[in-house]
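This report concerns only the one structure given below.
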Amino acid sequence: SGESSFQLLPGMWRQVCANGLVCGQSFGEIRVPHRGDIAGKVIEGAYDVLGVFDRVEEKREAMQSLLLPPPAQQALAKAALTYRFGEEHQPVAATQILTPRRYEDRKDDLWSVFNRIQENLSKGGLPGRTAKGKRTHTRAVNGIDGDVRLNRALWVMAEQMQQALS
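For the sequence shown, the working numbering gives the first residue as 1266, with consecutive numbering after it.
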């Protein structure tokens, strides 16, 4: 009927922690409506997405080369918490989503900080408090739409941090 479409988005898969990182708006997306030669258009779209991976790799390398001072890490984490949970109440602290889940992620470059924030917000399981003070744990982001939205927003935040510090 053409009312919905396939979406092809550039992203990176990090095998160590099974994070699926989706790149922000700067790399575009390909939409294939559900009408006509769908298979052909999806294949063509896949090639278009593959064409941007050199730029994605360049962005990753640039983020890896930028050391993020602690105040910038806190600012990025607070912005991510506000996006994920809203302004009124955040069940966890910025320091919690900056905490690495594995030793290899203890670096202070923008890429590593971005990955820690992304993993902690996506996977959930962090101990926190409700607005009424009850103990709770953050929930994982399970839906595809929510996951893509969160990942895109985090990517854009990381890009903005990179621009601000470059």
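All C-beta atoms in this analysis are idealised placements derived from N, C-alpha and C, irrespective of residue type, glycine included.
Model, not experiment: these values are computed from the prediction.
In this chain, the beta strand (DSSP E) harbouring P1392 covers P1392 to R1394. Here I1362 is near N1385, since their CB atoms are less than 8 Å apart. Exclusion of the five residues before and after R1404 leaves G1389 as the residues of its chain whose Cβ lies within less than 6 Å of its Cβ. In the structure shown, T1364 adopts coil according to DSSP, grouped into three states. Taken through DSSP and simplified to helix, strand or coil, D1374 comes out as strand. Assignment of R1400 by DSSP, reduced to helix, strand and coil, places it in the strand class. Nearest Cα to K1343 within the set P1335, A1358 and L1333: A1358.
Counting of Cβ neighbours within 10 angstroms places E1424 among the buried residues, the total reaching 16 or more.
Q1338 sits buried, since 16 or more C-beta atoms from the chains shown fall within 10 Å of its C-beta.
Taking 8 Å as the cut-off, the beta carbon of Q1329 is found closer than this to the beta carbon of W1376.
A straight-line Cα-Cα distance of about 19 Å links G1393 and A1340.
Annotated three-state conformation of L1332 is strand, per DSSP. Annotation for V1421: the continuous alpha helix (DSSP H) segment containing it runs I1409 to L1430. Listed in chain order, the non-local C-beta contacts of L1430 below 7 Å within the same chain comprise L1331 and A1337, local neighbours out to five positions each way being set aside. Rounded to the nearest whole angstrom, the CA to CA distance from I1382 to A1345 is 8 Å.
Residue environment for N1407: exposed (fewer than 16 other C-beta atoms within 10 angstroms of its C-beta). Sixteen is the threshold: when 16 or more other Cβ atoms of the shown chains lie within 10 Å of the Cβ of R1417, as they do, the residue is buried.
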